[in-house]
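To get our numbering, take the position in the sequence shown, counting from 1, and add 342. Note sheet for the following structure.
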Amino acid sequence: MKKASVNQRECVACGVCEKNCPRQAITIFHGIYADVNEDLCIGCKRCQKTCPASVIQVVLKEAAS
Ligand code: SF4
Ligand code: SF4
Numbered sequence: 343m344k345k346a347s348v349n350q351r352e353c354v355a356c357g358v359c360e361k362n363c364p365r366q367a368i369t370i371f372h373g374i375y376a377d378v379n380e381d382l383c384i385g386c387k388r389c390q391k392t393c394p395a396s397v398i399q400v401v402l403k404e405a406a407s
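In structure tokens:
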């Protein structure tokens with residue numbers, strides 16, 4: 343399953359990804375960086391495409407076994 347992954351050191355906490363996520367899977371943690379709830383993320387890449395800082399990648403994550 344593909345999930346969004348944020349480079350939190352480079353994130354500028356602009357909130358664009360949070361607004362664009364159709365699953366409300368992203369929240370801005372303490373106004374510092376974007377945090378992805380992988381249980382909600384469906385890997386649609388909308389956040390990756392719209393992040394102005396290009397710090398989100400949608401990557402394959404192994405399911406917990
Ligand atoms: S859109 Fe990009 S820079 Fe803005 S909060 Fe989301 S991850 Fe951070
Ligand atoms: S990939 Fe889609 S569902 Fe997942 S965090 Fe980004 S916008 Fe939300």
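Glycine is no exception: its CB is placed at the ideal position from the N, C-alpha and C atoms.
Same chain only: Cβ atoms within 7 Å of residue i, ignoring 5 sequence neighbours per side
| i | result |
| --- | --- |
| GLN366 | LEU382 |
| GLU360 | ILE368, THR369, ILE370 and ALA376 |
Which residues DSSP lists as bridging residue i, in chain order
| i | result |
| --- | --- |
| VAL401 | LYS345 |
| CYS369 | Checking the displayed sequence, the identity of residue 369 turns out to be Thr instead of Cys. In the DSSP output, where bridge partners are listed per residue, THR369 has ASP377. |
Beta-carbon contacts of residue i that lie in its chain and below 6 Å, excluding the five residues immediately before and after
| i | result |
| --- | --- |
| VAL401 | SER347 |
Proximity test, residue i beta-carbon vs ligand 2 heavy atom, cut-off 7 Å
| i | result |
| --- | --- |
| CYS393 | no |
| CYS356 | no |
| ASN362 | yes |
Near ligand 1: residue i beta-carbon under 7 Å from a heavy atom
| i | result |
| --- | --- |
| CYS359 | yes |
| ALA367 | no |
Among the options, nearest to residue i - alpha-carbon criterion
| i | options | result |
| --- | --- | --- |
| CYS363 | GLY373, GLU404, LYS391 and ARG351 | LYS391 |
| ASN349 | LYS403, GLU404 and CYS393 | CYS393 |
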